[in-house]
Every structure is written in C-alpha cells, then in structure tokens.
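Here is the structure we will look at, set down as structure tokens.
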Amino acid sequence: MTERKTFQTHLRQAATDILQRVPEQLKREIYVLAFNIWRVDADNRHPYVDIGYNTESQYEEEMRRDYRDAWEARWNPAFWILAGFDKLGNVPEDPAGGPLYEEEARKLGIWYDGEFDLARMLEDDELRVKSGLLELHFHNAVVDFARHLHASDTIVRIFGRPLPVVVFDMDCPGWEEEATKAANPAELIEDFLAM
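Note that my numbering gives residue 72 to position 49 of the sequence shown, counting from 1, and the numbers run on in steps of one.
Okay, here's the thing in structure tokens:
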C-alpha cells in the first residue's frame, strides 16, 4: 500500500527532482542553495518557494562589478541569482502542490476563503491570525524539507558534497538567520553567520 502524499512529501520529492535537473557543469560551481519564499500578491494562502542557488561565477561577477564587502557579495541573497527557478507551493506552476497545501491548511483550520483584501485583513483579527499562521506553516514546511535534504544525504548525492541552504523570505527581513540555522548542520553555515 502506498503512503498518501502530503504537502510535505510533495515538497521533499519535488525539490529533489529540481536539484537533480541542475546541469552538471553548474553543480561544481554552486556554493549555496537558496530557498526563496515568496507569495502571490502578498496573500499568505498562495506561498511558494523558489529552489535556487548561487555560483562562484556570480559571486566573482558581483565582486568585479563594484567594490563590495566580500561577505555581502557572497552571502546576501540580494546579490544572488534570483530568477528563473522552479516554484513549489500554492501557485499554478506547481499543480500538484497547490491542492495539497490548501487541503492541509483546511485540516489545520487556518485556511480562509474569499478574495484577498488588505483593508479586510487589517480590520479582521481572525483573518490576520489565520494569515500569520499560514505564513508560519509554510516557513516551517520549507525549513523542514531543507533539513530533510541534508538528513537524507540528498544534497551530497546530487552535488558530491554538502552545501548550505540559505532560507529567506524578502517580506520577513532578519528571519533568514533563524531559518538558515534551523535548516542546516551548524558547520555548513559558519561563513554565512560570520557577518
């Protein structure tokens, strides 16, 4: 009997598939994996994560382009490759993930229906709480599958070595340190934390 697919198992399997499709010549150049959390139109019911990376070439280009602090050019996601990656979550680009995410959020009692309306959100305490819980739930799901990729040796199997996974959400500045600590073995993120 096959195990029923959950949103979490979907993220784990789909992320593994995405990482396996990275071209071989890039695998040697990648020094960090980037799990970039976004949401469609600021709606926490439609979060997604880009499964990306940064390369030594991109880092060197940033250093050549303009004098930058070496740590900033290497570890600040604003200077990384941020476009063109596969998306996982409740977005059209992930037709399997969307229904699983909504089903899980409904079971947890944190889903709400209706059009997203910021004014309505600001006036309705229950909606604000549910929206915050949706954000927290997705954050935890992303950190969990990053940990899983380390624990299952998936990253080592695909890239031939362990790589740090920096988890960030541009709408939650500062959270990336907490998330990245939770997502990685400590020795992999020493350079990242040495800001």
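Glycine included, each C-beta is placed from N, C-alpha and C at the ideal position. Note that this is a predicted model, so its numbers are computed, not measured.
Residue range of the unbroken alpha helix (DSSP H) whose run includes residue i
i: F215; result: E213 to L216
i: W103; result: That residue, W103, is in no alpha helix (DSSP H); it is neither H nor E in DSSP.
i: T203; result: W198 to A206
i: E47; result: E47 to K50
Beta strand (DSSP E) segment containing residue i, residue limits
i: G75; result: P70 to T78
i: D192; result: V188 to D192
Simplified DSSP assignment, three categories, for residue i
i: A128; result: helix
i: I60; result: strand
i: D40; result: helix
Inter-residue Cα distance where the pair is residue i and residue j
i: R170; j: R44; result: 20 angstroms
i: M193; j: P100; result: 9 angstroms
i: E149; j: R87; result: 50 angstroms
i: P122; j: D92; result: 43 angstroms
i: R143; j: V55; result: 39 angstroms
i: I104; j: I74; result: 11 angstroms
Whole-number beta carbon distance between residue j and residue i, since they are thought to touch under 8 angstroms
i: V188; j: N207; result: 6 angstroms
i: Y71; j: W61; result: 6 angstroms
i: F215; j: W98; result: 5 angstroms
i: F161; j: G112; result: 7 angstroms
Practice task
Please go through the segment 106-185 and give each complete beta strand (DSSP E) segment of 3 or more residues, from N-terminal end onward.
Solution key: Fully enclosed beta strand (DSSP E) runs of 3 or longer: 110-112.
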